[in-house]
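A quick write-up on the structure given underneath.
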Amino acid sequence: MTSTISEASPSDDGLGARGKVVRVAMVDDHEVVSIAIGALVASLADFEFVGAFKDVDELFAAQVGADLIVLDLNLGNGTSPTLNVARLHEQGAMVIAFTSAEHPFLLRMAARAGVLGVIRKSAPADDFTEGLRRAARGEVVVSADWAAAIDSDPELAEAVLSPQEGRVLQRYASGMAAKSVAYDLGISEHTVEDYLKRIRSQYAAVGRWSPTKVDLYKRALEDGYLPFPHAP
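Going letter by letter, the sequence shown gives residues 8 to 239 in our numbering.
Written out as structure tokens, the structure reads:
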């Protein structure tokens, strides 16, 4: 099974939100894999590969200032994805999981920790590149593995939304602006904003924080308000 990247956004140039070349680092203790991914990333004009490291400590010691981290979930030092992702987020880095997917519990841990998505190590180079570009823009990289991890997660507490809250979430998380959601549902933009506040509050109450639109997109996927995209 290979990674299934979600539909491309209108801007597909690979640059980050600030329109700059994205600095990518890899945390993986398999040297051959790191060499291959480093060469692939270095071949892309819109990215700069700043190094491969055996663990997060080595990455921090190098002080390379990476924007996006490609993280192996099963490192030989035994550190958990939860801890590694949290540490990388504290440094302001975005994280995408890179895994052979033989341990589903690691995928569930990564999903809960807030990675932007999962790419299999067996994925074609084009899938990896597209996933990297989506992650660089702060977008969710949806894959069948990521969907399965979420679907099988017994710790994913449910936020009970009203039918109208569900409709607002579905439209807003799909990419519509609040004004467009209001027009589509026949309510005011102010009412839409109130609904969004309540939706975020209900997710926060069950420990599923959703401060950004990307977070709400994840919640909508997790709870079935939006379908997981499939490969053509």
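Backbone N, C-alpha and C define an ideal beta-carbon position, used for all residues, glycine too.
Around the beta-carbon of Asn91, 16 or more other beta-carbon atoms lie within 10 Å, marking it buried.
Beta-bridge partners assigned by DSSP to Ile76: Ala32, Val102.
Taking a contact as a CB-CB distance under 8 Å, the pair Thr106 and Leu95 does not count as one, their CB atoms being some 15 Å apart.
Glu55: not part of any alpha helix (DSSP H); member of the beta strand (DSSP E) spanning 54 to 60, first to last residue. Straight-line spacing of the CA atoms in Val199 and Ala185 works out to 6 Å.
The Cβ-Cβ distance between Val77 and Asp53 does not fall below 8 Å.
The secondary-structure analysis by DSSP pairs Val125 across a beta bridge with Ala104. As DSSP reads the structure, Val148 sits in a beta bridge with Gly124. The alpha-carbon of Val48 is positioned some 18 Å away from that of Leu123.
Closest in alpha carbon position to Ala166, among Ala68, Gly214, Ala93, is Gly214.
When the Cα atoms are used, Ser129 and Ala212 turn out to be separated by approximately 38 Å.
Annotation for Ala43: the continuous alpha helix (DSSP H) segment containing it runs 38 to 49.
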